[in-house]
Structure formats: C-alpha cells, structure tokens
Amino acid sequence: MRSVIEIEGLEKVYRSGVRRRNIHALDGLDLSVAENEIFGFLGPNGAGKTTTLKILTGLLFQTSGTARVLGKAAGDLSTKAQMGFLPESPHFYEYLTSRELLDFYCRLFRIHKASRRKKVDELLASVGLEHAADLRVRKHSQGMKQRLGIAQSLVGNPKVLLLDEPMSGLDPMGRRQIREMIRKLASDGMTIFFSSHILSDAELLCDRVGILVKGRLVDVGKMADILKPRMGLFEAIASGVDGACRERLEGICKRVALRDDRLHLEISGEDNLREAERAIIEAGGVLDSLSRMRTTLEDHFMEFLKPDEAAK
Amino acid sequence: MRTWALCLNTFRETVRDKVFLVLVVFALVMIMSSRIFSFLSVGLELKIVMDLGLGSISVFSLLIALFVGTTLVHKEIDKRTVYTIVSKPIRRYQFIIGKYAGLNMTILVNMAIMTGFFYLSIWLMGGSWSLDLGLCILLIYVEIMLVTGLALLFSTFASPTLSAVFTFLTYVLGHLSSDLKFFSEQSENIIVNIFGKVFYYLLPNLSKFNFKNEVVHGFAIPMDSLFYSIVYGLLYCALLVIVSSLIFERKNLR
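These protein sequence lines are chains A and B, in that order.
Be aware that the first sequence starts at 1274, since it is given in the working numbering, and climbs by one per residue.
Be aware that the second sequence starts at 3, since it is given in the working numbering, and climbs by one per residue.
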C-alpha cells in the first residue's frame, strides 16, 4: 500500500529565551502512514506531536529532514488542496456564524457560489450542527467548536485528514460522536492521522499507533500486535468467599481487591491460578469469571515513559 | 478569489467590531463645529470648517489604520485563527494582500461616508464643493494606505503596542523627513548629514500628500504634483506589502 505521509529524519529546533537556547522539539523523526489507515500519533505533552502536524500543514518549517504528504513536500499548494487539518482546540472568527465561516473556507477552496450553499449545508449536517447554522461562533460550546473544526477540515473533500487532539475538551458523548465520524471517514477511503493523549480513544480507533517521546519515535506498530494477551497473566472475579479464604488468596495472587462484595483477582502463572481456583471452591465460593489479561495501550505507552519518569 | 475572500472577511471583521462607530464621532464633530464656528468667526467660518473637516478625516482614518492595522496579522497568530487559513490551499502572500486590501476597503468606505458628512457641513454653511477638495481627500486616502502598509509591515514581526509605536513614529518622521534633510544639510557634521539623507530616502515622505492648505485657501492642486504623489504613494504601498509578504512567508506560525 502506498504511503500518504512520509517523514524522514525530521528535526525542529526552536530558539527560546534571551540566550536563544536551542530546544529540540523533533529529533530525527522517521514515520510513514499508509493510504486509508487510521494512524494514532501518541505521546505526552511536549513530545512534538503538534510540531509534526504543523510541519505537515506548512505552518512551521523544519530545521532539517523531509516531510512529504501525498508525494509532495509538506506545505505544497496542491497537497494542501487535498488535505484537511483540525488544530488543537480550534479558534475561529467569532463574529461569523457557522454558515458564514464554512462559506469563507469554501471560498478559499475556490468552490463556486452555486455549489457553496449546498456544500455548507452538507458539512453542517455531517457534524450535526444544522441547528447552529446561523449562530455566531462566539456562542458555540467547546464541543460545537470542535465539530465545526471537523467540518472546516472536510471542506475540500480531502484524501488525508490531520487531526490534532480531536477529542480534547469533549464530553463522553461528544468523543463518541467524533470517533464515529472518524470511522465513517476512514470507511469512505480517507487516510486519518491524529494525535492524542487520550489512549482509550486511540485504542478504539487506530489501525496503527506511533509513540513519540521527546521528539523521537520510540515505537510504532499495529494495534493488533500491541493489544496481545499477556502471557501467564489472568484476571478473575470470585464471590461468596469468607475472610479466611481472602487471606489465603492474598498469599497466592498478585493483587486482590474487594469491590461490590466480589473479589477481583490478578493471578500470575497457571500453578497459582489452579491453587486460587481450589481455594475459592473449598471455601464454598463461586468463580464468576476468568480471563487472560491483555496489554492495554496504556500499559504499552507507560513502558516507554518509565525510563523518562525514572530519570526525573 | 482567495485573496478577495480574505479581503471581504477582513472588511466584515472591522464592521462587526464596530469600527464604524468612528463615523458617529466624526459626524458629531462636524455638526457641532459648523454651529460653533458660525458664531465665533465671522467671515472665516467656511475656511475653518474645511480645515477642521479635512483634519478630522485625516486623523480619524489614521486612528483606524493605527489601531486595526497594527493588530492585523498579530491577532490572527495570537488567537490562532491563522492555522485553519494558512493550512488551506492559499499562498501566504495572498493572506497578507487580503488582510491589507480588506482594511483599506474599510478605510475607503469610512472616508467616503466622512466625506459625505463633510460636504453636507459645507453645504449647510452655504459653501460648495470643488474637484480640488475631492482630490485632496483622495491624497489623504493614499497617505492612509501607506500608513496601513507600515502598520501591516510592523505587525508581521512586532507586538501590536510596538507596531503602533513604530507606525506612529514613522508617520511623524515621515511628515518631517524634508525638514530633517534640510536641517541635516545645514550641519557641518558629516554623520548628521548622512543620517539626514538616510532618513529622507528610507522614510516615506508623507508631506507629499498634504494639500490641505492649498485647498482651504482656494489654490488649485498642481496636477503634476498630484500625479507624482499618487504614483509615489502606490509604489511605496506595493513595496511595504512585498516586504510584509516576504517576512510572513518565512514566519513559523507556532
């Protein structure tokens, strides 16, 4: 499958303060995103996610390295015509209504007057903002602004969509709506590259993720490979056990927690699992559920942050 | 079409930011002044109203150019509205030209309405308007276009406060540049001579747009001076927009 985004040895150095100290926001980033992929670009605050997106959209210029979108240098006019971008916590002209704002963006894409009205109506409907078409942006909630941001990123029917923290500031309902929208756009053939620090959203959406720490890509992989079962680790829920049994289980299991009169157990190794089962049955209890523990994206993410945290 | 869209949007922004409230103040100044001077200065009322009217058009337009022009680019970056525009298929120089043209359009409409009030005041005083009066206002507009260009240039790299200070200083020195050159030539100090020349050739010569005295006292504006001033003003504006675009082309929009 052809690459839609190709980044090689990308470096960005900012100069900050009176002494013009160099700050490496990106430090030799290599990355490639395939066509029709949902790629999650993850990392803690200050890792360089937004800097990468801004270079890809032509807002920033790299210090060295190359960034190509759809085969052309980032910032190229023909590339920008086929690309949509949602900045983090987007800001718009507050004196305009949603309709006027989208009409303005349509003009930047040279969409003819005859088709602009229809296009704007379609965009407003696609993000569920028909009711706010004539409402000034200054009266929009954060969620409405985010949806308006997605609508403006779709004005030019882009082939590739770059979203910077698309779920930030949204309530669970809003996050779900945006997730569904992203899935639908991907099913329509769009390539989606989004940055996030909300790992659960990335886990639910992405085909692949890359983890960026201090301007370096420390890991990249398919979600199916990352969320694999963890060998020899089990989680179980037991009910109807007494205090003595609980004490016995605490000696066997890695972790024991009582929630809603049920014991939640984390067990390491098959021998311990068999022994825990025996203890529960002997105490007259019931093993309500048993499953292999899986690696979450958060576990995976934290592995790369640990050395950094330790250094702190 | 892209530049035009940006231009129209800048115009709409200034209208919705109530920049045109300036017109209400102007109308009040004109109406009040006609009343006051008709009592105070027997025989000279019309000249005073003309002088005051041209001065007011100039000052109010300058205020718009200063206060709106100096925030033109900085506000877009500060409020992060620029991100969703520059990431669209537009060239950065189109953004600069669009913003510049939009503000000039606002000032043009503003000046046209002020001129309407001004002519009304003259008519109420029993006077009549002439072509030279219109040409004098046209030259004020070219001068304000140039000041807007200066404000735009400074706003591409400095904060609004600094841009306003730089623009106002350039405006003042621009009106004094001929005098600076004259006085520096009188000096025997070579450094003063050089500085005088540098200032004269680098700063815009804004006195070339000032024909208020001629018009108020009934003298005709020399056509060759008028033509030269307009061409000079437009070329200077083009230069300022080009330099602003070059700075903005290389700017990292953080």
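Just so you know, even glycine gets a beta-carbon here, dropped at the ideal spot from N, CA and C.
The structure presented is a predicted model; accordingly, all values stated were derived computationally and were not measured.
For residue i, three-class secondary structure by DSSP
i, result
"Ser1469(A)", "strand"
"Met1566(A)", "strand"
"His1641(A)", "For chain A, the structure presents residues 1274 to 1585; residue 1641(A) sits outside this window and is missing."
"Thr1370(A)", "strand"
"Met1356(A)", "strand"
"Lys1585(A)", "Legend: pLDDT at Lys1585(A) = 49, less than 50; position of this residue unreliable, no value from coordinates given."
"Ser1305(A)", "strand"
"Asn254(B)", "coil"
"Arg310(B)", "Any property of residue 310(B) remains undetermined from this structure, which presents chain B solely from 3 to 256."
"Phe119(B)", "helix"
"Phe22(B)", "coil"
"Ala160(B)", "coil"
"Asp1376(A)", "helix"
"Asp1492(A)", "strand"
"Val1514(A)", "coil"
"Ile92(B)", "coil"
"Leu1336(A)", "The amino acid at residue 1336(A) is misidentified as Leu; the sequence shows Thr. DSSP places Thr1336(A) in coil when its eight states are reduced to three."
"Ile1328(A)", "helix"
Residue i to residue j span [Cα, whole Å]
i, j, result
"Leu46(B)", "Ala1387(A)", "58 Å"
"Leu155(B)", "Ala166(B)", "11 Å"
"Arg1275(A)", "Phe62(B)", "59 Å"
"Ser231(B)", "Ile193(B)", "30 Å"
"Asp1394(A)", "Glu1361(A)", "24 Å"
"Ile1455(A)", "Val1493(A)", "21 Å"
"Leu1332(A)", "Tyr85(B)", "7 Å"
"Leu133(B)", "Val217(B)", "10 Å"
"Phe149(B)", "Ile1499(A)", "A small correction: the amino acid at residue 149(B) is Val; Phe does not occupy that position in the sequence shown. Going from the Cα of Val149(B) to the Cα of Ile1499(A) covers about 60 Å."
"Gly129(B)", "Leu48(B)", "7 Å"
"Leu320(B)", "Leu178(B)", "Because chain B is modelled from 3 through 256, residue 320(B) falls outside the range shown and cannot be assessed."
"Ile79(B)", "Leu255(B)", "7 Å"
"Ser1562(A)", "Ser1441(A)", "35 Å"
"Thr1324(A)", "Leu10(B)", "31 Å"
"Ser247(B)", "Ala240(B)", "10 Å"
"Ala1583(A)", "Phe1577(A)", "Caution applies to Ala1583(A), whose pLDDT of 45 falls short of 50 and renders its modelled position unreliable; the value that the coordinates give is listed next. Approximately 11 Å, taken between the alpha carbons."
"Ala153(B)", "Gly1338(A)", "36 Å"
"Gly1488(A)", "Leu1427(A)", "29 Å"
"Arg18(B)", "Leu68(B)", "18 Å"
"Ile139(B)", "Ile1465(A)", "55 Å"
"Ile243(B)", "Gly151(B)", "The sequence shown places Val at residue 243(B), not Ile. When rounded, the distance between both Cα atoms is 6 Å."
Nearest residue (CA-CA) to residue i, options the options
i, options, result
"Leu1251(A)", "Pro1431(A), Asp1534(A), Thr1370(A)", "Nothing about residue 1251(A) can be read from this structure; chain A reaches only from 1274 to 1585."
"Phe1574(A)", "Gly1316(A), Glu1281(A), Ala1552(A)", "Gly1316(A)"
"Phe1358(A)", "Ala1307(A), Gly1422(A), Phe1382(A), Cys1379(A)", "Gly1422(A)"
"Leu1531(A)", "Ser1512(A), Lys1391(A), Asp1544(A), Ser1541(A)", "Ser1512(A)"
"Phe1468(A)", "Tyr1366(A), Asp1437(A), His1413(A), Arg1294(A)", "The sequence shown places Ser at residue 1468(A), not Phe. Taking only the C-alpha atoms, the option nearest Ser1468(A) is Asp1437(A)."
"Phe229(B)", "Pro162(B), Ala160(B), Leu137(B)", "Leu137(B)"
"Ala1509(A)", "Ala1307(A), Glu1520(A), Lys1527(A), Lys1495(A)", "Lys1527(A)"
"Leu1299(A)", "Gln1335(A), Asp1461(A), Glu1555(A)", "Gln1335(A)"
"Phe184(B)", "Ala114(B), Glu190(B), Gly198(B), Leu171(B)", "Gly198(B)"
"Met1417(A)", "Pro1439(A), Glu1550(A), Thr1568(A), Tyr1287(A)", "Pro1439(A)"
"Tyr202(B)", "Thr172(B), Asn191(B), Val88(B), Ile244(B)", "Thr172(B)"
"Val1514(A)", "Glu1281(A), Ala1556(A), Ile1540(A), Gly1401(A)", "Ala1556(A)"
"Lys214(B)", "Gly57(B), Ser35(B), Asp181(B), Leu64(B)", "Gly57(B)"
"Asp1450(A)", "Val1400(A), Glu1550(A), Ser1460(A), Arg1411(A)", "The sequence shown places Gln at residue 1450(A), not Asp. Closest option to Gln1450(A), Cα to Cα, is Val1400(A)."
"Arg93(B)", "Ser1541(A), Arg1372(A), Leu1350(A)", "Leu1350(A)"
"Leu1522(A)", "Ser1541(A), Arg1292(A), Val1410(A), Gly1447(A)", "Ser1541(A)"
Pair within 8 Å by beta-carbon distance, residue i and residue j
i, j, result
"Leu1329(A)", "Ala1346(A)", "no"
"Gly1313(A)", "Leu1478(A)", "yes"
"His219(B)", "Ser157(B)", "no"
"Leu205(B)", "Gly176(B)", "yes"
"Gly71(B)", "Met147(B)", "no"
"Tyr1366(A)", "Thr83(B)", "yes"
"Asp1303(A)", "Leu1435(A)", "no"
"Lys101(B)", "Phe1382(A)", "no"
"Leu1443(A)", "Gln1425(A)", "no"
"Cys1518(A)", "Ala1552(A)", "yes"
"Met225(B)", "Phe119(B)", "no"
"Lys1285(A)", "Leu1485(A)", "no"
"Ile1311(A)", "Asp1480(A)", "yes"
"Phe13(B)", "Met107(B)", "yes"
"Ala1340(A)", "Leu1283(A)", "yes"
"Leu1570(A)", "Glu1453(A)", "no"
"Val24(B)", "Ile124(B)", "no"
Exercise. Which residues, in chain order, does the region 95-110 of chain B contribute to contact with chain A at a C-beta distance below 8 Å?
Worked result: none
Exercise. At a Cβ cut of 9 Å, what residues of the region 194-215 of chain B count as close to chain A, listed as they run along the chain?
Worked result: none
Problem set entry | Where the region 148-168 of chain B meets chain A: residues whose CB sits under 9 Å from a CB there | none
Exercise. Given a limit of 9 Å on CB to CB distance, which residues of the region 69-82 of chain B reach chain A?
Worked result: Lys81, Arg82
Problem set entry | Selection of the region 1374-1395 of chain A by Cβ proximity to chain B, strictly under 8 Å | Phe1377, Tyr1378, Arg1380, Leu1381, Phe1382, Arg1383
For this session: Closer than 7 Å, Cβ to Cβ, to anything on chain B: give me those residues from the region 1341-1364 of chain A, in chain order.
Result: Leu1350, Lys1353, Ala1354, Phe1358, Pro1360, Pro1363, His1364
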